[in-house]
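Enquirer: Sharing a structure, written as structure tokens. Questions coming.
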Amino acid sequence: MRDFLIIDQTDKTPYDIDRYNCVDYSKEIKEKAMDFGLICYPAVLHYPDRAHMILVFETSDAGKVFVEPQSDERVYPVVGEYFYGSGPIEEITYY
Numbered sequence: 025m026r027d028f029l030i031i032d033q034t035d036k037t038p039y040d041i042d043r044y045n046c047v048d049y050s051k052e053i054k055e056k057a058m059d060f061g062l063i064c065y066p067a068v069l070h071y072p073d074r075a076h077m078i079l080v081f082e083t084s085d086a087g088k089v090f091v092e093p094q095s096d097e098r099v100y101p102v103v104g105e106y107f108y109g110s111g112p113i114e115e116i117t118y119y
């Protein structure tokens, strides 16, 4: 997973709420990761007033690893806690 994220340059794409947002980052990285032979799927973080999509990688050494697709950072979302300045996460849905 780390090697893939170093090679992949999707996170360099400029964010645009209308043209290229968290859903687009997640979709593109997921497709490339699966082509790379990785198990990867989106997770949606539900907040009181919005939602945000991140990725989950299934790894043999660390289990589920959550990644913010806009930065390739490993993240640790927890229901009830705040995430990147948003309200508390109410639910995490996996797809």
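Under this note's numbering, residues 25 to 119 are what the sequence shown spells out, in order.
Every residue, glycine too, gets a C-beta built ideally from N, C-alpha and C.
Please read all numbers here as calculations on a predicted model, not as lab measurements.
1. Since LYS88 sits in a beta bridge, which residues does DSSP pair it with?
2. What does the Cβ neighbour count give for THR83, buried or exposed, with the cut at 16 atoms within 10 Å?
3. On the DSSP bridge list, what partners appear for CYS64?
4. Could you work out which residue in THR34, PHE60, TYR108 is closest to ALA75 when comparing CA atoms only?
5. Looking at C-alpha atoms only, which residue of VAL89, ASP32, TYR39 is the closest neighbour of GLU55?
Expert: Reading from the atomic positions:
1. Within the sequence shown, residue 88 is the residue found at index 64, counting from 1. DSSP lists GLU82 as partners of LYS88.
2. The residue given as residue 83 occupies position 59 in the sequence shown. Burial call: exposed.
3. The count along the sequence shown starts at 1 and reaches residue 64 at position 40. Beta-bridge pairing links CYS64 to PHE81.
4. Residue numbering aside, residue 75 sits at position 51 when the sequence shown is read from its first letter. Nearest C-alpha to ALA75: TYR108.
5. For the purposes of this step, residue 55 is identified with residue 31 of the sequence shown, where counting begins at 1. Nearest in C-alpha terms to GLU55, of all of VAL89, ASP32, TYR39, is ASP32.
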